[in-house]
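What follows is a single structure, written as structure tokens, with notes after it.
There are 2 protein chains.
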Amino acid sequence: MTQTVLERNRPPTARRTTLRDVARLSGVSDISVSRVMRGAPSVSAELRDRVMAAADALGYTPNRLAGALKTRSSNLVAVVVPSIGNGVFPEVLDGIESVLSGAGLQPVLGITQYERAQEVRVLRDMLAWTPMGVIMAGTDHDPAVGAMIAQQQIPVVEFMDIDQPAMQAAVGISHRGAAVAVADLLAERGYRRPGYIGAWGEKPDRSRARRLAFEQRLAALGIPLCDKEISPAPASVEEGGRSTERLLARSPQIDAIFYANDDQALGGLFHCQRRGLRAPQDIGIIGFNGIRMGLATPIVLSSVETPRYQMGVEAARLLLSAREAPIDGKLVDLGFRIRLGESV
Amino acid sequence: MTQTVLERNRPPTARRTTLRDVARLSGVSDISVSRVMRGAPSVSAELRDRVMAAADALGYTPNRLAGALKTRSSNLVAVVVPSIGNGVFPEVLDGIESVLSGAGLQPVLGITQYERAQEVRVLRDMLAWTPMGVIMAGTDHDPAVGAMIAQQQIPVVEFMDIDQPAMQAAVGISHRGAAVAVADLLAERGYRRPGYIGAWGEKPDRSRARRLAFEQRLAALGIPLCDKEISPAPASVEEGGRSTERLLARSPQIDAIFYANDDQALGGLFHCQRRGLRAPQDIGIIGFNGIRMGLATPIVLSSVETPRYQMGVEAARLLLSAREAPIDGKLVDLGFRIRLGESV
DNA sequence: ATGACCGATGTCAACGTTGTCATGGCCAGA
DNA sequence: TCTGGCCATGACAACGTTGACATCGGTCAT
Chain A
1 MTQTVLERNR PPTARRTTLR DVARLSGVSD ISVSRVMRGA PSVSAELRDR VMAAADALGY
61 TPNRLAGALK TRSSNLVAVV VPSIGNGVFP EVLDGIESVL SGAGLQPVLG ITQYERAQEV
121 RVLRDMLAWT PMGVIMAGTD HDPAVGAMIA QQQIPVVEFM DIDQPAMQAA VGISHRGAAV
181 AVADLLAERG YRRPGYIGAW GEKPDRSRAR RLAFEQRLAA LGIPLCDKEI SPAPASVEEG
241 GRSTERLLAR SPQIDAIFYA NDDQALGGLF HCQRRGLRAP QDIGIIGFNG IRMGLATPIV
301 LSSVETPRYQ MGVEAARLLL SAREAPIDGK LVDLGFRIRL GESV
Chain B
1001 MTQTVLERNR PPTARRTTLR DVARLSGVSD ISVSRVMRGA PSVSAELRDR VMAAADALGY
1061 TPNRLAGALK TRSSNLVAVV VPSIGNGVFP EVLDGIESVL SGAGLQPVLG ITQYERAQEV
1121 RVLRDMLAWT PMGVIMAGTD HDPAVGAMIA QQQIPVVEFM DIDQPAMQAA VGISHRGAAV
1181 AVADLLAERG YRRPGYIGAW GEKPDRSRAR RLAFEQRLAA LGIPLCDKEI SPAPASVEEG
1241 GRSTERLLAR SPQIDAIFYA NDDQALGGLF HCQRRGLRAP QDIGIIGFNG IRMGLATPIV
1301 LSSVETPRYQ MGVEAARLLL SAREAPIDGK LVDLGFRIRL GESV
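If you're matching them up, the sequences are chains A and B in order.
For the first sequence, our numbering gives the first residue as 1, with consecutive numbering after it.
For the second sequence, our numbering gives the first residue as 1001, with consecutive numbering after it.
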């Protein structure tokens, strides 16, 4: 599909120094060099030193392409996320990376832009490198995704959401649970005309699931959702302000808003401040994710704190554990925490 | 006893379907399958269809390990950044990724935590995969970095800073130029007792260079820097607030602060608001990077807007262009823009 | 008609490494 | 002294793919 037609970067002129060069220089066999470089057992100290000296002299770097091809295993891990420019994923990635690099694994990055087709394409390209595993966001994928991964018989860990069934294992929180908690909180605080604001056209299925759970709980509590505003644009502070303006223009009676994320919520909070609407008295504002920025604002943003870094850490750990025992069916609920803040 | 200590991911039991399997099923030679899969020319439509059918039937995915080994070239690009959890790099990465994926290239991610030793380690691991090129942040590296890259004879693009000489090519802005512009602005606005706040222990050399240029320009303008506060911690809104508190406690006469980044600047702005200090009257606040959040705050944050996404895009493009012509000596100045905002 | 040429397809070896098995020396226990 | 076993090292082939070159019809300008 995304075949690169005859990519030739440069004429393969200069041959890189190989294991054989090191072997010749140090007067040992290829395999001995291989053993030394890998730190394999059964190598005498004398031979090791000799080989190391030669390797250093030549500036030798093993070619993992060849090694991985022969052993049929690599230290590559495919990491697939919807976006990276803003939002939660950089923090998750940070957690993933810290664990992987500690274990000598290399993350290869794929970005889907919340497009299922793109996800399939990206994953196909990555699987061609025979990664030892896959870590991907969300649990809602094209059927082809599962098929491709099954073909390779490698472990997959999905992160974000644990409400939906996972291919093998998942790490995250219950988005539905969080929505219920927020609905309860708003009701308890006396809000009776709640609204909702989302973004990205609700492409991440979990955000839709979360909103639906929110609506359902509100209905059950007898205070149905007044109105909602789902922007097709990516989530951002500015968009949050604009969405809030639109929502309140349409339904001025709204007395509280649950946002799909904190960027939008802060945009909403700032928008209200500019309009002279006081939170929490005139309007309650609660976001999702619990970004640190919200703790420092003059009015501390109420939000659902999600363990993003930790999610990355646990996802990577779970993947690593698959080397010892199968992970099928494992579900790690990291839990969320409602940050009461001052805006609700 | 006969167990090797070598960590093995999984017993290489199941052989993945290879090009040969496809060849057998479709009754053609290996090389023909190879040609079809790569979209190489000189293949009849009839043969192509037959092969594709077989490939689909078997769920065949080419093994790039083998391909790259044979051709001595890969579509991997090593991307090395200091951090990813917060700050500017996710946005740069986003730009890089968008261009690379459009060109069929795969980014492999390495994170250095602002540690030179870590940078060397990370890069070594990545080079073992024979990437077609390297994109890395900053121009200040361990000598080993240059040596390793020279060994492989692959292109490198450094991004962020164009004040320092690059290994081959660089994309970014002049941090010193930005510092001078800020000093001039503060002077022009009548601030006479400026302070400075930084983070990360000034590990990124460019931030130190920027501060030094700032101090130098101020001195030349006859309004020397009053005081500075460099936190060893990573930059964050909270840390920005704390640093501001410390700085002002120590030097209450300060009437303007230049921050090393917007997260800290926003923290400072919020801190001052809580303390009843009005910006820009009581204190001028100006950040660096121009994050969007600063545009939405009740008091629009003054800042130096840096083209982060664009920087990633241009860095990746420059790397791609190296396939056609050498990039040595190329320097792309993307320029900055002072956002006047309301806090200065 | 004819040789040059081109397109379609195939054969073979090699990319750089490592798994497997073989070899020879050495030592402990019988 | 002999034997079995372990250790250090080596020879060889194979991982899955593709570049180089060969082959075989057929086309075309002469």
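Idealized CB from N, CA, C, for every residue including glycine.
- Note on geometry: alpha-carbon atoms of Tyr1191/B and Leu1221/B lie some 11 Å from one another.
- Listed along chain B, the residues sitting closer than 9 Å to Ser101/A by beta-carbon distance are Gly1110, Ile1111, Gln1118, Arg1121, Val1122 and Asp1125.
- Trp129/A and Arg1064/B have their alpha carbons spaced roughly 5 Å apart.
- Contacts between Asn63/A and chain B, judged by CB atoms closer than 9 Å, involve Leu1069, Ala1128, Trp1129 and Thr1130 in chain order.
- For Glu305/A, the uninterrupted beta strand (DSSP E) run begins and ends at Ser302 to Glu305, by DSSP.
- Of all C-beta pairs linking the segment 1147-1166 of chain B to the segment 1206-1222 of chain B, three or more are shorter than 8 Å, placing the two stretches in contact.
- A Cβ-Cβ separation of about 7 Å places Leu266/A in contact with Gly240/A under the 8 Å criterion.
- In the DSSP assignment, Arg1339/B is bridged to Ser1303/B.
- Between the alpha carbons of Ile299/A and Glu1238/B lies a gap of roughly 14 Å.
- At a cut-off of 8 Å, the C-beta of Ala296/A has a neighbouring C-beta in chain B.
- Spatial neighbours of Pro307/A in its own chain (CB-CB distance under 7 Å, excluding positions within 5 residues in sequence) are listed in chain order as Leu334.
- Between Phe159/A and Gly172/A, the CB-CB gap stays under 8 Å.
- In terms of Cβ geometry, Gln1106/B and Val1080/B do not form a close pair [threshold 8 Å].
- From the beta-carbon of Ser1236/B, the residues of chain A found nearer than 7 Å are Arg292.
- Residue ranges of uninterrupted alpha helix (DSSP H) with 4 or more members, entirely inside the segment 168-239 of chain A and ordered along the chain, are 175-188 and 205-221.
- For Pro1107/B, the secondary structure class from DSSP, reduced to helix, strand or coil, is strand.
- The beta-carbon of Arg1274/B is placed less than 8 Å from the nearest beta-carbon of chain A.
- Residue contact check for Ala1066/B against chain A: a CB pair falls below 8 Å.
- Take the alpha-carbon of Val182/A and the one of Glu119/A: they are about 31 Å apart.
- Identification of chain A residues near Ile1084/B by a Cβ-Cβ cut-off of 9 Å yields Ile84, Pro90, Glu91, Leu93, Asp94 and Glu97, ordered along the chain.
- For the C-beta of Gln168/A, not a single chain B residue is nearer than 7 Å; the gap to the nearest is close to 14 Å.
- For the segment 1185-1214 of chain B, the set of positions with a beta-carbon nearer than 8 Å to some beta-carbon of chain A is empty.
- Judged by DSSP secondary structure, Glu97/A falls within the alpha helix (DSSP H) whose first and last residues are Phe89 to Gly102.
- In terms of beta-carbon proximity, Tyr309/A lines the interface with chain B, with at least one pair separated by less than 8 Å.
- Interface criterion met: the Cβ of Gln1151/B is under 8 Å from a Cβ in chain A.
- Between Gly1268/B and Ile1197/B, the CB-CB gap stays under 8 Å.
- In terms of Cβ geometry, Ile1135/B and Ala1315/B form a close pair [threshold 8 Å].
- For the pair Phe1270/B and Thr297/A, the CB atoms are nearer than the 8 Å cut-off.
- Taking 8 Å as the cut-off, the beta carbon of Ser243/A is found no closer than this to the beta carbon of Asp227/A.
- The straight-line gap separating the alpha-carbon atoms of Ala1249/B and Ser83/A is approximately 41 Å.
- By the neighbour-count criterion, in which a residue is buried when 16 or more other Cβ atoms sit within 10 angstroms of its Cβ, Glu1097/B is buried.
- In chain B, no part has a C-beta under 7 Å from the C-beta of Phe159/A; the shortest such distance is about 16 Å.
- Secondary structure of Val1022/B (DSSP, three-state): helix.
- Sequence-distant Cβ neighbours of Pro232/A in its own chain, meaning closer than 6 Å and more than five residues away, are Gly201.
- Taking 8 Å as the upper bound for CB-CB distance, Ala199/A and Ala235/A are in contact here, some 4 Å apart.
- Among the residues facing chain B, Phe336/A is not included, as its CB has no counterpart in that chain under 8 Å away.
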